[in-house]
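Asks: Residue numbers (UniProt numbering), protein chains in the order written: chain A, 1 to 380; chain B, 1 to 380; chain C, 1 to 380; chain D, 1 to 380.
Dumping the structure here so I can ask a few things about it.
4 protein chains.
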Amino acid sequence: MSSFGTFFKVTTYGESHCKSVGCIVDGVPPGMDLTEADIQTQLTRRRPGQSALTTPRNERDAVQIQSGTEFGKTLGTPIAMIVNNKDQRPNDYTETDVYPRPSHADYTYLTKYGIKASSGGGRSSARETIGRVAAGAIAEKYLTLVNNVEIVAFVSSVGSIAMNRDPRSEKFQDILENITREQVDASGPIRCPDAEIAPSMVSEVEKHRDDHDSIGGVVTCVIRNMPVSLGEPAFDKLEALLAHAMLSIPATKGFEIGSGFMGTTMCGSEHNDAFFVDGDSGRFRTKTNFSGGIQGGISNGENVYFSVGFKPPATISKEQSTVSYEGKEGVLAARGRHDPNVVPRAVPIVEAMAALVIADAHLIQESRKAAAAIVTSKGF
Amino acid sequence: MSSFGTFFKVTTYGESHCKSVGCIVDGVPPGMDLTEADIQTQLTRRRPGQSALTTPRNERDAVQIQSGTEFGKTLGTPIAMIVNNKDQRPNDYTETDVYPRPSHADYTYLTKYGIKASSGGGRSSARETIGRVAAGAIAEKYLTLVNNVEIVAFVSSVGSIAMNRDPRSEKFQDILENITREQVDASGPIRCPDAEIAPSMVSEVEKHRDDHDSIGGVVTCVIRNMPVSLGEPAFDKLEALLAHAMLSIPATKGFEIGSGFMGTTMCGSEHNDAFFVDGDSGRFRTKTNFSGGIQGGISNGENVYFSVGFKPPATISKEQSTVSYEGKEGVLAARGRHDPNVVPRAVPIVEAMAALVIADAHLIQESRKAAAAIVTSKGF
Amino acid sequence: MSSFGTFFKVTTYGESHCKSVGCIVDGVPPGMDLTEADIQTQLTRRRPGQSALTTPRNERDAVQIQSGTEFGKTLGTPIAMIVNNKDQRPNDYTETDVYPRPSHADYTYLTKYGIKASSGGGRSSARETIGRVAAGAIAEKYLTLVNNVEIVAFVSSVGSIAMNRDPRSEKFQDILENITREQVDASGPIRCPDAEIAPSMVSEVEKHRDDHDSIGGVVTCVIRNMPVSLGEPAFDKLEALLAHAMLSIPATKGFEIGSGFMGTTMCGSEHNDAFFVDGDSGRFRTKTNFSGGIQGGISNGENVYFSVGFKPPATISKEQSTVSYEGKEGVLAARGRHDPNVVPRAVPIVEAMAALVIADAHLIQESRKAAAAIVTSKGF
Amino acid sequence: MSSFGTFFKVTTYGESHCKSVGCIVDGVPPGMDLTEADIQTQLTRRRPGQSALTTPRNERDAVQIQSGTEFGKTLGTPIAMIVNNKDQRPNDYTETDVYPRPSHADYTYLTKYGIKASSGGGRSSARETIGRVAAGAIAEKYLTLVNNVEIVAFVSSVGSIAMNRDPRSEKFQDILENITREQVDASGPIRCPDAEIAPSMVSEVEKHRDDHDSIGGVVTCVIRNMPVSLGEPAFDKLEALLAHAMLSIPATKGFEIGSGFMGTTMCGSEHNDAFFVDGDSGRFRTKTNFSGGIQGGISNGENVYFSVGFKPPATISKEQSTVSYEGKEGVLAARGRHDPNVVPRAVPIVEAMAALVIADAHLIQESRKAAAAIVTSKGF
């Protein structure tokens with residue numbers, strides 16, 4: 001429902017126009033440095049109004065920690081976080097009082113609950129992701145301390161303008177190996193680090209924005225300095241948890257890990273990642289990484305990388321022939337201005353969900369490691 | 001870990017060479033007709049040795065219900081099911097005692113647990129999926145009674161030989177609308193209902209089999225007569241649960257729902273599924289179904305359809321340069337015969353996991369519906 | 001950890017001196033009338049400073065709903081509730097900076113988390129129960145609509161001053177059958193409806209208060225108009241869930257359901273509750289109710305009643321010989337005034353936890369009922 | 001439902017007369033020595049027919065491990081265990097086909113599920129506890145390796161024949177400190193280590209047995225060499241988990257931890273457990289242990305001790321006036337011989353459930369400890 005994770009567990013709350021949105025994060029390790037500044041950075045990257053490519057609503061989204069820390073340290077107790085909503089009851093959405101927006105959650109929420117929030121997206125609004133991003137920022141802080149884990153997401157396609165994501169592409173693997181968040185943000189409003197195509201992506205968004213339409217895209221994410229041994233067979237394989245996490249983000253339509261759908265066209269002798277022993281660390285590594293850092297559902301220490309497909313946003317101001325809640329045919333054109341494309345803003349959300357998955361998997365494996373050390377009288 | 005589901009919950013057990021494999025299914029509705037015959041059909045579709053395209057091991061995989069039914073009716077109590085393993089300690093895998101198989105779970109299980117099963121895939125073996133298929137068969141039985149729900153999966157690509165899965169393709173939508181399990185099985189050993197390409201798929205598998213290699217593929221699945229209102233925002237959106245379920249199947253690399261990655265290239269005015277009122281039922285329906293039957297994480301009653309990408313099997317008898325467990329470079333060629341391609345056998349596994357997700361989501365929504373009827377003094 | 005329940009699930013947060021305390025309640029049925037007034041009543045019954053028998057701190061504890069309702073109706077989405085803390089960093093507890101309070105959580109929190117809140121009880125403070133009481137009020141509202149369920153708790157003993165709780169006592173059964181919350185509150189500050197002993201209880205508390213000491217007691221609770229069939233064998237028997245809920249309340253030492261420990265002294269032919277058919281309703285009832293309304297872990301429709309033992313509060317201002325955090329022997333006398341007895345204030349907390357258990361069990365059984373009706377083509 | 005635990009999780013299955021009963025235990029630490037012999041000991045202590053005091057049915061209850069171990073070591077994967085049922089469809093219970101047994105689960109199962117097993121107790125049968133005892137034996141094995149944890153339960157009362165359980169009794173505390181399982185079993189069929197009253201207990205059971213009646217009793221359990229810091233505030237306090245575990249055992253009516261209900265009559269200055277520093281270990285200990293080894297829901301390293309009340313068994317062969325399933329008044333006298341008292345056989349079940357709680361809590365705290373060590377760069 002509204003909770004995610006086993007040990008490092010977030011529960012979010014809030015609709016688009018209620019008093020506040022936020023979350024409770026349970027299971028945060030005690031004694032960790034943590035202040036609101038650690039959380040605000042990603043919230044600020046998530047908020048709308050950052051560029052002409054996104055919705056012009058300007059929401060400051062300042063987070064307030066309610067509990068679970070003292071003198072800048074975590075207590076190990078639940079951390080509640082709140083971001084106040086500014087506009088609690090807007091008048092901006094009147095057409096959508098009459099028409100359920102096609103491909104939006106308006107209709108299904110009504111069938112599911114028999115009632116729906118009167119304005120905006122209600123619980124299905126992207127504002128729900130504020131709680132996720134806040135929780136993810138805490139998870140990231142932990143992972144940085146664990147192993148200097150780096151999680152970087154970026155836009156890899158907008159409409160048909162796409163980076164070459166073939167896992168055999170050297171350029172793609174080079175980006176996965178080296179890209180930083182700073183570079184992603186410096187690459188411009190579209191957050192695509194491939195300078196050759198980023199301008200075309202911007203044009204693509206602008207074209208659809210000016211056409212009162214919207215366009216989809218893909219976010220790719222890499223996790224470097226991955227701890228080994230994370231993920232729980234059989235049902236909670238690491239890629240299964242990541243897929244669950246990513247497909248729970250609004251507007252997502254697909255997920256692929258490592259070689260992904262491209263890998264289905266490869267033969268085993270090419271796709272298998274041969275082992276070698278790293279001279280420096282003595283650690284087992286693989287020459288290629290079509291597995292995307294996960295084998296048998298368990299991380300092997302190589303980079304975890306995956307891509308998430310986002311559909312074009314459903315709310316557009318272009319006219320659409322559809323039917324009203326009363327079942328009468330008519331034409332809907334949403335008032336106001338809406339995101340013509342969500343992928344740049346989805347970047348910190350994808351990073352947050354990835355951090356939640358990895359932090360939880362790490363805490364679970366730490367328990368097993370400790371227990372195995374006890375029963376075998378040795379660590380491993 | 002080894003459990004999946006909230007209300008309709010399966011817990012599986014078993015490794016490739018232990019005494020038996022199986023599962024406990026908790027939360028099965030009481031009073032339902034159920035015998036072993038209901039379960040055996042899908043287990044038989046899943047077992048190896050069905051054709052020259054799969055592993056020649058012939059495992060009968062006869063299920064035995066241990067508990068939870070009496071006189072052919074479910075009691076509402078946990079249903080335990082067992083399938084005995086035939087070969088408990090084979091000698092067939094000696095090279096793999098020396099070398100962790102590249103892209104297999106051998107290495108990661110060892111790092112995770114500090115110990116691994118001495119032969120075969122252990123817990124990572126596809127035999128683990130027997131418990132899932134058995135549980136899924138019970139879920140399917142329930143869903144048939146709920147709404148005559150039909151779940152049909154089929155092979156949509158092998159290597160580069162692919163059906164046109166563009167959601168705008170009429171042929172593809174026609175297959176989704178009409179394909180039956182009988183047709184899938186009648187289509188030949190590759191289980192692809194597109195007669196134009198099925199023979200090429202067979203050749204593709206044979207080519208890699210004869211080359212001691214393997215090849216990947218894609219399974220597509222459709223769920224028809226879907227109940228409306230299933231799926232739980234925010235984290236347990238129906239597509240998120242399906243993605244979790246599918247990526248927990250061994251060898252999977254990708255998942256897409258509805259328009260999937262193709263949908264990321266579409267603009268909103270094309271992708272939005274306009275509503276209309278069905279003349280016969282008076283029910284809200286959509287003219288197109290790029291959403292794949294789910295909007296805002298909740299089913300809208302249209303067909304749910306999705307595709308799952310499978311990598312080429314990791315165990316091949318072709319020589320691979322890699323390193324031994326001791327870290328010495330060497331060459332591994334797995335003895336024996338192995339599945340050159342898993343997708344035909346994955347078909348009933350995908351169906352089973354889909355059934356588990358839908359049955360669980362249905363039980364959850366039934367609770368809400370009942371409660372809402374109580375508090376509002378009306379049904380909905 | 002900080003979550004309780006499966007379908008009707010509360011997650012609480014907050015320490016004694018952080019910014020606010022509160023909770024998120026997930027799974028509340030949609031379309032139900034709900035405003036802050038529905039919640040405030042029980043919070044007000046819980047707060048300190050209500051009489052000379054409790055701590056003189058006067059906390060208003062006004063609840064603010066953040067989400068999940070609109071125009072006084074629940075949306076089916078998570079309901080977040082906040083109560084601001086007044087004193088965020090008091091100076092009142094200086095001795096307790098030096099000494100871990102005996103039988104308090106000071107020492108164990110420090111060993112568990114390696115850090116503890118600097119003042120007051122931190123997370124172990126009774127302020128954590130505010131979130132429970134707020135959530136319980138929503139659960140109660142639902143249960144009232146379900147079956148006019150009545151949950152009434154009262155003080156049945158203070159120190160050695162005890163009501164006769166022998167399940168064979170007619171007076172005791174009469175109280176269970178008829179007592180109302182109004183009568184409990186009208187009975188005076190000790191909330192004991194037995195007018196013969198309530199004054200002695202008050203004296204008992206006053207004696208210990210004046211002696212800078214504290215005293216324990218017992219709260220008994222009855223649930224009337226119980227729906228049948230609630231509780232999930234094997235591990236989630238209704239009495240097991242109630243026991244879990246009650247022993248999670250701070251300062252509890254014991255739980256007994258129905259005949260309780262007294263029942264262990266009875267023989268089967270006396271203890272068995274013979275069935276009869278109620279002439280009016282045609283419903284199966286039992287002549288006696290030593291079972292406490294639960295048989296085989298499942299409610300049978302008779303009154304559920306149970307008692308919860310509370311130890312004397314650990315924080316007393318009487319001098320105690322103990323050791324400091326540094327391990328030095330010394331004498332601790334807590335400053336300020338503290339609750340000499342918690343049972344009157346525990347009354348609404350016990351009611352809240354009972355309501356949470358019953359509401360959750362009801363939602364679970366509604367799902368089964370609906371499913372069984374589907375598979376058997378009949379209700380039951 | 002049929003699962004218990006978070007990390008160390010058991011799922012049981014089986015009715016009194018199905019093919020087999022058993023369980024799957026997930027989360028067992030890998031690399032631990034484990035064979036069937038480790039499990040059989042407690043199963044044998046649990047089985048009926050051990051003395052003239054219990055049911056004369058002689059069930060051998062030999063456990064068979066199905067999975068999760070190899071060469072006598074755990075693999076970290078789920079361990080399935082099976083005990084075959086001997087009598088699958090007995091004819092011994094014909095009267096109970098006509099009459100729901102008073103205070104038994106017959107009636108409530110029927111209302112809950114709309115169907116019930118045709119003979120015996122079905123799922124409510126004590127045979128369900130076989131899976132618990134098998135799982136508990138594994139948990140105990142782990143706890144022995146953790147800290148040489150000792151869990152010993154014994155009978156402390158039968159009917160009105162009771163040991164003095166006043167926590168201030170030196171004799172009682174001495175038993176808690178020193179009693180061994182060997183002594184408990186050597187004490188005779190009633191498993192009460194107090195030689196002064198054990199013979200009277202035996203007579204008490206014999207009297208009720210000969211009278212075709214039954215009698216209740218109390219089992220007390222102590223856990224020595226307890227690891228510190230186990231238990232999770234707020235809802236999963238260690239005593240709450242123990243209470244949940246114990247009240248999930250069939251026929252239980254009460255639970256008390258440490259001073260229990262007796263503690264409610266004490267004043268704080270007596271009840272508080274003053275700290276001292278243990279000269280040998282330098283460890284904080286308490287002079288008294290009214291807390292029962294748990295403070296603030298977290299273990300402090302002192303002995304955890306608690307008592308569990310069991311009602312007289314409901315199935316008696318004495319005549320009882322009641323009504324049939326059809327609602328007709330009549331007289332039921334159960335055929336066959338039944339346990340006149342369950343407490344001696346409950347001893348290993350109480351131990352098993354205690355072991356499951358402690359093992360799970362330990363695994364959870366190990367995760368936190370590891371995480372805290374990472375974030376603070378020190379252990380604690």
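Where is the CB? At the ideal position from N, CA and C, for every residue including glycine.
Can we say the segment 256 to 273 of chain D touches the segment 148 to 168 of chain C, given the rule of at least three CB pairs closer than 8 Å?
Replies: Touching, yes, given that three or more Cβ pairs across the two stretches are closer than 8 Å.
Asks: To the nearest angstrom, report how far apart C:GLY27 and B:PRO193 are at their CA atoms.
Replies: Residue 27 of chain C sits at position 27 when you count from the first residue of the third sequence. Residue 193 of chain B sits at position 193 when you count from the first residue of the second sequence. About 42 Å.
Asks: Scan the segment 123 to 136 of chain B for residues whose Cβ lies nearer than 7 Å to a Cβ of chain A and list them as they occur along the chain.
Replies: Residues ARG123, SER124, GLU128.
Asks: Is it true that the CB of C:ILE223 sits closer than 8 Å to the CB of C:ASN303?
Replies: Numbered from 1 along the third sequence, position 303 holds the residue referred to as residue 303 of chain C. Numbered from 1 along the third sequence, position 223 holds the residue referred to as residue 223 of chain C. Taking 8 Å as the Cβ cut-off, C:ASN303 and C:ILE223 qualify as a contacting pair.
Asks: Starting from the beta carbon of C:SER281, find every residue of chain B whose beta carbon is closer than 9 Å, and list them in chain order.
Replies: The residue given as residue 281 of chain C occupies position 281 in the third sequence. Going along chain B, no residue has its Cβ under 9 Å from C:SER281, so there is no contact; the nearest lies around 19 Å.
Asks: Between the C-alpha atoms of B:PRO30 and D:GLY114, what's the straight-line distance to the nearest angstrom?
Replies: Position 30 of the second sequence, counted from the first residue, corresponds to residue 30 of chain B. Position 114 of the fourth sequence, counted from the first residue, corresponds to residue 114 of chain D. Their backbone Cα atoms lie some 7 Å apart in a straight line.
Asks: Would you call the segment 330 to 341 of chain A and the segment 299 to 313 of chain A touching, i.e. three or more CB-CB distances under 8 Å?
Replies: Yes, the segment 330 to 341 of chain A is in contact with the segment 299 to 313 of chain A.
Asks: Residue 434 of chain B: which of B:ASN84, B:GLU319, B:LYS73 sits nearest, CA to CA?
Replies: The shown model of chain B, from 1 to 380, leaves out residue 434 of chain B, and the question about it has no answer.
Asks: Please classify D:SER281 as buried or exposed, where buried requires at least 16 other C-beta atoms within 10 Å of its C-beta.
Replies: Walking along the fourth sequence from the start, residue 281 of chain D turns up at place 281. Per the 10 Å Cβ criterion, exposed.
Asks: Show which residues of chain B have a CB atom less than 7 Å away from the CB atom of A:PHE276.
Replies: As a working mapping, residue 276 of chain A is identified with position 276 in the first sequence. Simply VAL323.
Asks: Quick check on the DSSP output: the alpha helix (DSSP H) that includes B:PHE172 runs from which residue to which?
Replies: Here the question's residue 172 of chain B lines up with position 172 in the second sequence. 170 to 178 is the extent of the alpha helix (DSSP H) around B:PHE172.
Asks: Where are the alpha helix (DSSP H) runs, 4 residues long or more, that stay fully inside the segment 306 to 371 of chain B, in chain order?
Replies: Within the segment 306 to 371 of chain B, no complete alpha helix (DSSP H) run reaches 4 residues.
Asks: Which chain A residues are close to D:TYR142, counting only those with a beta carbon under 9 Å from its beta carbon?
Replies: Here residue 142 of chain D refers to the residue found at position 142 when the fourth sequence is read from its first residue. Those are ALA371, ILE374, VAL375, listed as they occur along chain A.
Asks: Determine the extent of the alpha helix (DSSP H) in which B:MET246 is found, giving its start and end residues.
Replies: For the purposes of this step, residue 246 of chain B is identified with residue 246 of the second sequence, where counting begins at 1. Segment 238 to 247, the alpha helix (DSSP H) holding B:MET246.
Asks: So with CB distances below 8 Å, who are the chain B contacts of C:ILE364?
Replies: The residue labelled residue 364 of chain C in the question sits at position 364 within the third sequence. Within 8 Å Cβ-Cβ: PHE7, SER367.
Asks: For D:PRO344 and D:VAL155, I'd like the C-alpha separation in whole angstroms.
Replies: Counted from its first residue, the fourth sequence places residue 344 of chain D at position 344. Counted from its first residue, the fourth sequence places residue 155 of chain D at position 155. Rounded to the nearest angstrom, the two C-alpha atoms are 6 Å apart.
Asks: Between C:MET201 and the rest of its own chain, which residues show a CB-CB distance below 6 Å, the 5 nearest in sequence each way excluded?
Replies: Indexing the third sequence from 1 puts residue 201 of chain C at position 201. For C:MET201, where only same-chain residues beyond five positions count, the Cβ hits under 6 Å are VAL158, ILE161, ILE190, CYS192.
Asks: When burial is assigned at 16 or more other CB atoms within 10 Å of the CB, is D:ASN148 buried or exposed?
Replies: Mapped onto the fourth sequence, residue 148 of chain D falls at position 148. Answer is exposed; the Cβ neighbour count stays below 16.
Asks: What residues in its chain sit with their C-beta under 7 Å from that of C:ASP278, if we drop five residues either side in the sequence?
Replies: Numbered from 1 along the third sequence, position 278 holds the residue referred to as residue 278 of chain C. For C:ASP278, where only same-chain residues beyond five positions count, the Cβ hits under 7 Å are ARG285.
Asks: Pick out whichever of D:GLU15, D:GLN295, D:LYS287 has its Cα sitting closest to the Cα of D:ALA240.
Replies: As a position in the fourth sequence, residue 240 of chain D is number 240, starting the count at 1. Cα-wise, what sits closest to D:ALA240 is D:GLN295.
Asks: I'd like the list of long-range same chain contacts for D:ASP166, defined as Cβ closer than 8 Å, with 5 residues on each side in sequence excluded.
Replies: As a first step, residue 166 of chain D must be located in the fourth sequence, where it is residue number 166. Closer than 8 Å at the Cβ level, and outside the excluded window around D:ASP166, lie PHE172, MET262.
Asks: Quick one: grab the DSSP three-state call for C:GLN50.
Replies: Counting from 1 along the third sequence, the entry for residue 50 of chain C is found at position 50. Residue state, collapsed to three classes: coil.
Asks: For C:GLY131, count neighbouring Cβ atoms within 10 angstroms of its own Cβ and tell me buried if that reaches 16, exposed if not.
Replies: Within the third sequence, the letter at position 131 stands for residue 131 of chain C. So C:GLY131 counts as buried.
Asks: Which partner residues does B:PHE261 have in the DSSP bridge list?
Replies: If you number the second sequence from 1, residue 261 of chain B lands on position 261. Paired residue(s): none; B:PHE261 is not in a bridge.
Asks: Suppose the cutoff is 7 Å on Cβ atoms and the five residues either side in sequence are ignored; what does the same chain contact list for B:ILE349 look like?
Replies: Along the second sequence, read from residue 1 onward, the residue named residue 349 of chain B stands at position 349. Result list for B:ILE349: ARG46, THR129, ARG132, VAL133, ILE249, in chain order.
Asks: If you measure beta-carbon to beta-carbon, which residues of the segment 199 to 212 of chain B are closer than 7 Å to chain D?
Replies: Result list empty, no residue passes.
Asks: Going by C-alpha distance, which of A:PRO227, A:GLY297, A:LYS287, A:ALA355 is nearest B:THR252?
Replies: Counting from 1 along the second sequence, the entry for residue 252 of chain B is found at position 252. Measuring from the Cα of B:THR252, the nearest candidate turns out to be A:GLY297.
Asks: For the alpha helix (DSSP H) containing B:MET226, name the first residue and the last one.
Replies: Taking the second sequence and counting its residues from 1, one reaches residue 226 of chain B at position 226. Element bounds for B:MET226: n/a, residue is neither H nor E.
Asks: Could you give the distance in angstroms between the alpha-carbon of B:PRO48 and the alpha-carbon of B:GLY121?
Replies: As a position in the second sequence, residue 48 of chain B is number 48, starting the count at 1. As a position in the second sequence, residue 121 of chain B is number 121, starting the count at 1. B:PRO48 and B:GLY121: Cα-Cα distance of roughly 15 Å.
Asks: Taking only beta-carbon atoms, is D:MET32 less than 8 Å away from chain A?
Replies: Taking the first residue of the fourth sequence as 1, we reach residue 32 of chain D at position 32. Yes, its Cβ sits closer than 8 Å to a Cβ of chain A.
Asks: To the nearest angstrom, how far is it from the Cα of C:ASP185 to the Cα of C:SER51?
Replies: Within the third sequence, the letter at position 185 stands for residue 185 of chain C. Within the third sequence, the letter at position 51 stands for residue 51 of chain C. If you take the alpha carbons of C:ASP185 and C:SER51, they lie about 12 Å apart.
Asks: Name the two residues that bound the continuous alpha helix (DSSP H) containing D:GLY131.
Replies: Working through the fourth sequence from its first residue, we reach residue 131 of chain D at position 131. That run of the alpha helix (DSSP H) goes 129 to 147.
Asks: Using a Cβ-Cβ cut-off of 6 Å (strictly less than) and excluding sequence neighbours within five positions of D:GLU351, which residues of its own chain qualify?
Replies: Locating residue 351 of chain D in the fourth sequence gives position 351, where the first residue counts as 1. Excluding residues within five positions, the ones whose Cβ falls inside 6 Å are ILE151, ALA153.
Asks: Under a three-way DSSP split, which group does C:TYR13 fall into?
Replies: For the purposes of this step, residue 13 of chain C is taken as residue 13 along the third sequence, with counting starting at 1. Reduced to three states, the DSSP call for C:TYR13 is strand.
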